[in-house]
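To start, the structure itself, in structure tokens.
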Amino acid sequence: MAAYVPDVDGIPADELLELLGWELAERFTDAENVMLAEIARRARRIIMLEADAQAADVVARMRISQELSIERARAYRDLQGLARQVVRDLREQDLAEWLIDIAAKEGEAAAAARLQLARRIPGRVFPGSSVQAVGALTLDLSSRLEALEQRILRFPQDVYQRVISETAPRVLLGAENYVLNQRQAVQRFLDRGITGFVDKSDRRWTIGAYAEMAGRTATARAWNDAGVWRMQQAGQNLVTVQGGYDACRACAPWIGKILSTDGSTGTIVLPHATQDREVTITIHGTVEEARAAGWGHPNCRDRLTVYLPGLSVPQADFEYNEAAEKERARHRELEREVRAAKRREATAMDDIERRKAARDVTDAQAELREFARRTGRKRQSYREQLHFADGRS
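Residue numbering for the sequence shown follows my numbering, starting at 9 and increasing by one per position.
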């Protein structure tokens, strides 16, 4: 990929990290949608052949059964080939290294720009870069993406076992009821998307949702760690936490607090960053203590910025707002409902189901518009598209 040059005066950090997570989600949900659309097409063909076999006489049934066996084998072979091609395309993009590199460069550049405000910090040449500070994050994200790729590769096998092999003719069902029954079974399977990731709270994630979470989490950590590295090169070991008004219960206690990166705590006296005098500050804890208490959790959007004595103004009197957090959670839920309806429309087994799903899309969008109007939250249309994923299945 082309070299990336940071722009500290460009997009705000929170929006950048959001977009990086979206970028990763888009790549994997695009792959998922390709797989699901092809599965739906193959499944329709097999279901119709089985229905024809059920309604045919003995001679015709034998001919259709042979055709059905060939179609099943071809479907499995082609889907497996499609999965391998999808994974090859994803691997060639080097997504983990690319995303972490962007986040680290932006975090380092933002820290360097802020350090320039402090005239009393001696100028120094910063050797090297923050590669070592974020190298482990690249490996971790690469490992997570590899797990997603392996899930894609085994998806055709799951399809074959759960859908294709389960569509054997049921003698007690008439052909018409059989078609309806099997279409509904396949549709329910497709609606779930490519799942298989379960977290500690026993929540099941779709492949796109997991990719988005992993990407956002890793890039946020890279942005913060690269910035901390740059601060430490300048001899600065204090940071302050910035967060949104709808921060969660775990993060809210740390927003606006001054933390150290070297283990220092308590009340200390430091030189003013720009004036010839001293200031007294209180260090509320360490970055590691905050992380151990739950701050910086997966999907966390908070940021660390260098604290310059007497110059930096931390967020003041921040309090946890349970209603705001629930509002944000409801916003994400409504976006998932829109995407779920769009997926049902894209993989519908017949025109009736497709029209019903289209009505569901319209209804879900209307509910989201009303929610945005009532709460004043900004509607982000890109999060309602099929190529975006967030939240659980």
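Glycine residues also receive a C-beta, built at the ideal position from the N, C-alpha and C atoms.
Going along the chain, which residues of its own chain have a beta-carbon closer than 7 Å to the beta-carbon of residue i, five neighbours each way excluded?
{"i": "A365", "result": "A349, R352, E353, A356"}
{"i": "G271", "result": "T294"}
{"i": "P306", "result": "M221, T225"}
{"i": "L278", "result": "E286, V287, I289, P317"}
Residue i by DSSP, collapsed to three states: which one?
{"i": "Q250", "result": "strand"}
{"i": "V321", "result": "coil"}
{"i": "G243", "result": "coil"}
{"i": "R212", "result": "strand"}
{"i": "G223", "result": "helix"}
{"i": "G235", "result": "helix"}
{"i": "V133", "result": "Residue placement at V133 is flagged as unreliable, the pLDDT there being 47, under the threshold of 50; the coordinate-derived value follows with that caveat. It is coil, neither helix nor strand."}
{"i": "V179", "result": "With a pLDDT of only 42 at V179, under the threshold of 50, the placement of this residue in the model should not be trusted; the figure read from the coordinates follows. Residue state, collapsed to three classes: coil."}
{"i": "W303", "result": "coil"}
{"i": "R309", "result": "coil"}
{"i": "S389", "result": "helix"}
{"i": "E100", "result": "coil"}
{"i": "Y84", "result": "helix"}
{"i": "D148", "result": "helix"}
{"i": "R70", "result": "In the sequence under discussion, the amino acid at residue 70 is Met, which differs from the Arg named in the question. M70: helix per DSSP, three-state reduction."}
{"i": "A52", "result": "Note that residue 52 corresponds to Arg in the displayed sequence, not to Ala. Here R52 sits in helix by DSSP."}
{"i": "L125", "result": "coil"}
{"i": "A111", "result": "helix"}
{"i": "I263", "result": "coil"}
{"i": "Y328", "result": "coil"}
Starting from the C-beta of residue i, find all residues in its chain whose C-beta is less than 8 Å away, skip the five residues before and the five after it, and write them out in chain order.
{"i": "R382", "result": "none"}
{"i": "Q393", "result": "R347, K350"}
{"i": "A301", "result": "A258, P261, W262"}
{"i": "L90", "result": "V42, M43, E46, P164"}
{"i": "L28", "result": "L107, I110, A111, G223, R224, T227"}
{"i": "E327", "result": "A260"}
Among all the DSSP beta bridges, which residues are the ones paired with residue i?
{"i": "E286", "result": "P279"}
{"i": "S268", "result": "L246, T294"}
{"i": "G143", "result": "According to DSSP, G143 bridges with nothing at all."}
{"i": "V314", "result": "V247"}
{"i": "G274", "result": "I291"}
For the putative contact between residue i and residue j, defined by C-beta atoms under 8 Å, what is the C-beta separation to the nearest angstrom?
{"i": "L107", "j": "L32", "result": "6 Å"}
{"i": "T214", "j": "G201", "result": "4 Å"}
{"i": "E433", "j": "R391", "result": "The requested residue 433 does not occur in the structure, where the chain is confined to residues 9 to 401."}
{"i": "R35", "j": "Q101", "result": "7 Å"}
{"i": "V194", "j": "A83", "result": "Contact flag wrong, Cβ pair sits at about 12 Å."}
{"i": "A119", "j": "T146", "result": "Incorrect: roughly 19 Å between the Cβ atoms, too far for contact."}
{"i": "L123", "j": "M239", "result": "7 Å"}
{"i": "E345", "j": "A372", "result": "5 Å"}
{"i": "G216", "j": "T37", "result": "3 Å"}
{"i": "R212", "j": "T203", "result": "5 Å"}
{"i": "I266", "j": "H292", "result": "6 Å"}
{"i": "V142", "j": "L87", "result": "Contact flag wrong, Cβ pair sits at about 37 Å."}
{"i": "R191", "j": "D358", "result": "7 Å"}
Please go through the same chain and pick out, in chain order, the residues whose beta-carbon is closer than 6 Å to the beta-carbon of residue i, but skip the five residues on each side of it.
{"i": "G318", "result": "H280, A281, V287"}
{"i": "D310", "result": "V249, G251, C259"}
{"i": "P322", "result": "T248, G264"}
{"i": "R387", "result": "A380"}
{"i": "N245", "result": "S268, T269, D270"}
{"i": "V179", "result": "A caution first: V179 carries a pLDDT of 42, below 50, which makes its placement in the model too unreliable to give a value."}
Please tell me whether residue i has its Cβ less than 9 Å away from any Cβ of chain B.
{"i": "L28", "result": "No chain B is part of this structure, which consists of one protein chain only."}
Flag residue i as yes when its Cβ comes closer than 8 Å to any non-hydrogen atom of the ligand FMN, and as no otherwise.
{"i": "A117", "result": "This structure lacks the ligand FMN, and indeed carries no ligand of any kind."}
TODO: Report yes or no: do the stretch 43-51 and the stretch 231-247 share at least 3 C-beta pairs separated by less than 8 Å?
DONE: Contact fails: fewer than three Cβ-Cβ distances are below 8 Å.
Open item on the list: Would the stretch 279-292 count as touching the stretch 322-333 if we require 3 or more Cβ pairs under 8 Å?
Closed with: Taking 8 Å as the limit for Cβ pairs, the verdict is that the stretch 322-333 does not touch the stretch 279-292.
Task: the stretch 92-99 / the stretch 149-169 touching (three or more Cβ pairs under 8 Å) - done: Contact holds: three or more Cβ-Cβ distances are below 8 Å.
TODO: Could you tell me whether the stretch 65-74 touches the stretch 368-382, using the rule of 3 or more Cβ pairs below 8 Å?
DONE: The stretch 65-74 vs the stretch 368-382: no contact.
Open item on the list: Any contact between the stretch 216-231 and the stretch 23-37? By contact I mean 3 or more CB pairs, one from each, below 8 Å.
Closed with: Of all C-beta pairs linking the stretch 216-231 to the stretch 23-37, three or more are shorter than 8 Å, placing the two stretches in contact.
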